[in-house]
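Positions 1 to 111 (full-length UniProt numbering) are the ones given, in order, by the sequence shown. Beta carbons are placed, not taken as given, at the ideal position from N, Cα and C, and that holds for glycine. Computed from a predicted structure; not experimentally measured. To keep things clear, I will list the structure first and then write my remarks on it.
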Amino acid sequence: MAATAIALTKIPLNGGVELPAAAALDGTAGAEIQFDEQDTKIVILIENSGSSAGDVTFKAGNGIQGVADLVVNVANGKTKAVVLESGAFKKAGKVYVTGAATMKAAALLLP
Numbered sequence: 001m002a003a004t005a006i007a008l009t010k011i012p013l014n015g016g017v018e019l020p021a022a023a024a025l026d027g028t029a030g031a032e033i034q035f036d037e038q039d040t041k042i043v044i045l046i047e048n049s050g051s052s053a054g055d056v057t058f059k060a061g062n063g064i065q066g067v068a069d070l071v072v073n074v075a076n077g078k079t080k081a082v083v084l085e086s087g088a089f090k091k092a093g094k095v096y097v098t099g100a101a102t103m104k105a106a107a108l109l110l111p
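This is the structure in structure tokens:
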């Protein structure tokens, strides 16, 4: 199967948006998160809908800083917010994350 595509939801300055519905990661291919804006303004939300804690892995990018994957643990029934440096995790304009199909992802772009 193909990786789940996660688009950025833009939050306007002096305004707000409803949180986007998080999309389930593909159990094999994971998800690819659009990452073509300033990295410090992108917030990735990871939701664990499983019955136990679980990990997601943000894959190392192909830049000079992309030397290691980042594993983030999310407790069951919880959502964790993550901000990543593009140099370490971006590859071809996207960030790739893998994990169980009980993990869901969404992405916000701050103004």
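| Query | Result |
| --- | --- |
| What are the start and end residues of the beta strand (DSSP E) that includes alanine 31? | 31-34 |
| Can you round the beta-carbon distance between alanine 106 and isoleucine 6 to whole angstroms, since I take them to be within the 8 Å contact cut? | 7 Å |
| Using only alpha-carbon positions, find the residue among Pro20, Phe58, Gly93 that is nearest to glutamine 38. | Gly93 |
| Which of the three DSSP states, helix, strand or coil, is assigned to aspartate 26? | strand |
| Taking the alpha-carbon positions, what's the proline 12 to leucine 19 distance? | 13 Å |
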